[in-house]
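Chains as they are written, first to last, in my numbering: chain A, 1 to 291; chain B, 1 to 297. Single-structure report; data block below.
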C-alpha cells in the first residue's frame with residue numbers, strides 16, 4: 001500500500017528502444033525544438049568576440065550585397081570558389097565553428113539547388129563526358145553549368161549565413177535603413193520574428209498536450225485530422241493575437257503615420273570604413289577577374 | 001485625489017460582435033488621483049471595461065467620458081485628441097506577450113515616447129529613466145521573448161511608465177507573478193498613487209485589493225456592476241463575494257482540535273488549519289483541503 005492508503009500501481013513494462021515511437025507529434029516537436037535551438041545558436045554566435053561581430057551592421061549589409069553581386073556576375077569557377085573560401089575564412093575569424101557553418105549551407109543545398117542542377121548535367125548540349133544507361137549522357141558543359149549553380153548558391157547562402165550568425169537580428173533590421181527600407185517595414189519584420197517564437201512555443205505546447213494524452217499509435221487519417229485541427233486553432237490564436245497587439249500599439253499612441261523606434265545610433269569607425277573598402281575592392285576585383 | 005472625474009460611464013453596455021454581452025448597464029465614476037480596483041471573476045468584463053476606458057473599444061450603448069470628453073471613434077480620428085488622450089492614459093495588458101511586440105526591450109520602452117514626437121535625446125532620457133525606475137537596465141538589449149514572466153511584467157510597466165501617464169489601467173497585473181514580484185508590484189502601484197496618479201486595477205486577486213485601492217467596483221457573472229465600496233466593506237461582504245464567484249466555501253480540519261467545519265474564504269486563511277493547508281492559497285488546494293460549495297455542506 002502507498003502512504004495515502006491507495007493500492008500500489010501496476011508495474012510498468014520495461015521500455016524497448018526498438019519499439020521507439022515516431023509519429024507526427026514526435027516529428028513536429030523535434031522540428032520546433034530544432035528551429036528554436038537554431039535561433040538561440042545564431043543569437044549566441046552574434047554575441048561572440050569575432051572579426052565580423054565587431055563591425056557596424058550597415059557595413060556588413062553593404063559588403064554582403066557587393067559580394068553577392070560579384071558572385072552573380074562572375075563567370076569563373078575559380079573566382080567564385082575563391083569567394084567561397086573567403087566566406088570560410090571570415091567564419092573562422094568570427095568564431096563560428098567551421099563544421100557547423102559548412103554543414104548548415106551544404107545540408108540543404110541538394111534539396112533546393114540539386115533538383116535544378118541535376119537535369120542540367122544531361123540536358124546541356126556539348127561533348128559527352130560519360131555515357132549512362134537509357135541513352136543518357138553527362139556533358140562537359142552540363143557539369144560546368146551544374147558546378148556554377150551549386151557554387152554560386154553555396155557562396156551566396158554562406159554570405160547570408162555570415163550576416164545572420166554575426167549580427168543580432170534586431171541590428172540586421174535596423175541596418176536595412178541604409179538601403180532605405182522604411183522603418184515601418186522593419187517594425188513588421190521584427191514583430192514577425194518575435195511572434196514566430198511565441199507561436200512556435202504555442203504549437204509545441206499544443207503537441208505536448210496531445211502527446212500526454214495519446215496512449216496508442218495514431219492512424220494516418222487521425223494524424224492528418226490532428227494536424228488540420230491544430231493548424232486551425234493556431235490560426236485562430238494568431239488572429240486574436242494580431243488584433244490584441246494592434247490594440248496594444250494603439251494604446252501607446254500608434255497611428256499609421258507614426259514614428260517607430262529602430263534607428264539606433266550606429267557609429268562608423270575607421271575599421272568599419274576599412275572593412276567596407278576591402279569588401280567593395282574584393283567584389284570589384286572578382287567581377288573584373290571573372291569576366 | 002481631487003473631485004474632477006477622470007472617467008464617467010453612464011448606462012454603458014458592450015457586446016462582442018453584437019451578440020456576446022461583456023458589460024451590461026454599467027454606470028460609475030472614477031475621480032482623478034483615485035486608486036480603484038475592478039473586481040470580478042473570469043469573463044465578468046473587467047478587461048473589456050479597461051479597453052473601453054482606454055478608448056480601444058467603444059460602447060454599443062451608453063457613454064464613456066474621460067475628463068469630460070465622450071470617447072468615440074470619431075473623437076480618436078482627431079489626431080490632437082488622440083495625442084492628448086494617449087499621453088495621459090496608459091494601459092498595461094494582462095498578456096505581456098501582447099504588450100511586448102518590439103524586438104528589444106529598449107525599443108519596447110521607446111515605442112510610446114516616439115509616438116509623442118519627442119526629440120531623440122528626450123526619448124532616450126525617458127527610456128533610461130523608466131528602465132532605471134523598474135530596475136531593468138540590464139535587460140535593455142534583450143529580446144522580450146527571452147525574458148522570464150516577472151521580467152516581462154516589469155518591461156510592460158516600463159513601456160507605459162515612459163509615457164508618464166496621469167492614469168494607469170492595469171489588467172490583472174499580478175497574474176503569473178511569484179510572491180516577491182507581487183509585493184514589488186503592490187509597492188509600485190502605491191508609489192504611483194502617492195504621486196497623484198489615477199490607478200485602476202482589474203483583478204480577481206482579493207489578497208491585494210486593500211493594498212492597491214481605496215475604492216472597489218465588483219462585477220458579477222452577468223457582466224453587471226454588482227457593488228461598490230471601500231475594500232473593507234467589499235471584502236467583509238462574504239455573501240456578495242460568493243454570489244460573484246470571488247470566494248468559495250471549503251471544508252477543512254483544524255490541526256489542534258481535529259474538528260472539521262466549512263466556511264467561506266476570500267483570502268488566505270488567517271487562522272491555523274493543519275500544516276499543509278496553511279501553505280496553500282485559496283486557488284490551489286491539496287486533496288486534504290477540499291473545496292466544497294456551501295450548498296453541499
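Positions of the beta carbon are idealized from the N, C-alpha and C atoms, including for glycine.
Ignoring anything shorter than 3 residues or poking outside the region 101–133 of chain A, list the beta strand (DSSP E) runs there in chain order.
Those beta strand (DSSP E) runs which fall completely within the region 101–133 of chain A and span 3+ residues are 128–131.
Which chain A residues are close to residue 302/B, counting only those with a beta carbon under 8 Å from its beta carbon?
In the structure as shown, chain B begins at 1 and stops at 297. Residue 302/B is therefore absent and cannot be evaluated.
Which residues, in order along the region 48–63 of chain B, keep a beta-carbon less than 8 Å from a beta-carbon of chain A?
Legend: CB atoms of the region 48–63 of chain B lying less than 8 Å from CB atoms of chain A belong to residues 51, 54 and 56.
By a C-beta neighbour count over all protein chains shown, 10 Å radius and 16 as the cutoff for buried, is residue 119/B buried or exposed?
As a first step, residue 119/B must be located in the second chain, where it is residue number 119. Here residue 119/B is exposed. Its C-beta has fewer than 16 other C-beta atoms within 10 Å.
State yes or no: is the beta carbon of residue 95/B nearer than 8 Å to at least one beta carbon in chain A?
Here residue 95/B refers to the residue found at position 95 of the second chain. Closer than 8 Å: yes.
Selected residue, minimal CA-CA separation from residue 288/A, among 50/A, 183/A and 74/A
Here the question's residue 288/A lines up with position 288 in the first chain. Per the Cα distances, 74/A.
Short of 7 Å in beta carbon distance, which residues of its chain neighbour residue 169/A, apart from the five on each side in sequence? Order them along the chain.
For the purposes of this step, residue 169/A is identified with residue 169 of the first chain, where counting begins at 1. Here the set comprises 193.
Distance, residue 88/A Cα to residue 95/A Cα:
As a working mapping, residue 95/A is identified with position 95 in the first chain. As a working mapping, residue 88/A is identified with position 88 in the first chain. Cα-Cα distance, rounded: 11 Å.
If we call anything under 8 Å between Cβ atoms a contact, is residue 175/A one with residue 58/A?
In the first chain, the residue the question calls residue 175/A occupies position 175. In the first chain, the residue the question calls residue 58/A occupies position 58. Yes, the Cβ-Cβ distance between residue 175/A and residue 58/A is below 8 Å.
Below 8 Å between beta carbons is the criterion; list the residues of the region 234–251 of chain A that meet it against any residue of chain B, in chain order.
241, 244, 245, 247, 248, 249, 250 and 251
Of all the beta strand (DSSP E) runs that stay within the bounds of the region 215–255 of chain B, which reach a length of 3 or more residues?
215–219, 225–229 and 248–253
Considering only residues of the region 120–197 of chain A, which uninterrupted beta strand (DSSP E) runs meet the minimum length of 3 residues and lie entirely inside it, listed in chain order?
Counting only runs of 3+ residues, the beta strand (DSSP E) found wholly inside the region 120–197 of chain A occupies 128–131 and 137–139, in chain order.
Cβ-based burial, residue 276/A [other Cβ within 10 Å; buried from 16]
Within the first chain, the letter at position 276 stands for residue 276/A. Answer is buried; the Cβ neighbour count reaches 16.
Which word fits residue 298/B, buried or exposed, when buried means at least 16 other C-beta atoms lie within 10 angstroms of its C-beta?
As shown, chain B starts at 1 and ends at 297. That puts residue 298/B outside it, with no answer to give.
From the DSSP output, in three-state form, read off residue 75/B for me.
Here residue 75/B is taken as the residue at index 75 of the second chain, counted from 1. Here residue 75/B sits in helix by DSSP.
Less than 8 Å separating the beta-carbons of residue 66/B and residue 93/B?
Walking along the second chain from the start, residue 66/B turns up at place 66. Walking along the second chain from the start, residue 93/B turns up at place 93. Result no, Cβ atoms of residue 66/B and residue 93/B do not sit closer than 8 Å.
For chain B, check one thing: does any of its Cβ atoms lie closer than 8 Å to the Cβ of residue 173/A?
Taking the first chain and counting its residues from 1, one reaches residue 173/A at position 173. Interface residue, yes.
Contained alpha helix (DSSP H) runs [length at least 4] in the region 204–269 of chain A, N- to C-terminal order
220–251
Near residue 140/B, which residues of its chain fall below 7 Å by C-beta distance, leaving aside the five closest residues on each side in sequence?
Indexing the second chain from 1 puts residue 140/B at position 140. Cβ neighbours of residue 140/B beyond the five flanking positions: 105, 106 and 131.
By how many angstroms is the C-alpha of residue 198/A removed from the C-alpha of residue 36/A?
Here the question's residue 36/A lines up with position 36 in the first chain. Here the question's residue 198/A lines up with position 198 in the first chain. About 10 Å.
Which chain B residues are close to residue 38/A, counting only those with a beta carbon under 9 Å from its beta carbon?
Along the first chain, read from residue 1 onward, the residue named residue 38/A stands at position 38. Correct list: empty, because the minimum Cβ distance to chain B is about 15 Å.
To test your reading of the DSSP string, which unbroken beta strand (DSSP E) runs of 3 or more residues are found completely within the region 39–76 of chain B?
Taking only runs of at least 3 residues, the beta strand (DSSP E) segments lying wholly in the region 39–76 of chain B are 61–66.
Under a three-way DSSP split, which group does residue 103/B fall into?
Taking the second chain and counting its residues from 1, one reaches residue 103/B at position 103. Three-state DSSP puts residue 103/B in coil, outside helix and strand.
Using 10 angstroms around the beta-carbon of residue 209/A, count the other beta-carbons present and answer buried if the total reaches 16, otherwise exposed.
Residue mapping note: residue 209/A aligns to position 209 of the first chain, counting from 1. It counts as exposed.
Assuming the contact rule is C-beta atoms closer than 8 Å, residue 141/A and residue 124/A should be a hit. Round their C-beta distance to whole Å, please.
Counting from one through the first chain, the residue named residue 141/A turns up at place 141. Counting from one through the first chain, the residue named residue 124/A turns up at place 124. That belief holds up - the Cβ atoms of residue 141/A and residue 124/A are roughly 5 Å apart, short of 8 Å.
Anything in the region 185–198 of chain A with a Cβ closer than 7 Å to a Cβ of chain B? List those residues in chain order, please.
190, 191, 193, 194, 197 and 198
Own chain, CB closer than 7 Å to residue 53/A, minus 5 neighbours either side, in chain order:
As a first step, residue 53/A is located in the first chain; it is residue number 53 there, counting from the start. Closer than 7 Å at Cβ, skipping near neighbours: 46, 94 and 166.
Along the beta strand (DSSP E) that carries residue 90/B, what are the first and last residues, could you check?
Your numbering for residue 90/B matches position 90 in the second chain. 89–92 is the span of the beta strand (DSSP E), which, as asked, contains residue 90/B.
Nearest-angstrom Cα distance between residue 4/B and residue 213/A?
The residue you call residue 4/B lines up with position 4 of the second chain. The residue you call residue 213/A lines up with position 213 of the first chain. Taking the straight line from one Cα to the other gives about 56 Å.
Work out the CA separation of residue 213/B and residue 203/B for me, nearest whole Å.
Against the second chain, residue 203/B aligns to sequence position 203. Against the second chain, residue 213/B aligns to sequence position 213. Straight-line measurement puts the Cα of residue 213/B at about 11 Å from the Cα of residue 203/B.
Within the same chain, show all residues whose beta-carbon is closer than 6 Å to that of residue 51/B, passing over the 5 residues directly before and after it, in chain order.
Taking the second chain and counting its residues from 1, the one referred to as residue 51/B is at position 51. Result list for residue 51/B: 57, in chain order.
Partners in chain A for residue 134/B, counting only beta-carbon separations shorter than 7 Å
Counting from 1 along the second chain, the entry for residue 134/B is found at position 134. Simply none; closest approach about 16 Å.
Please classify residue 5/B: does DSSP put it in a helix, a strand, or coil?
Locating residue 5/B in the second chain gives position 5, counting from the first residue. Three-state DSSP puts residue 5/B in a strand.
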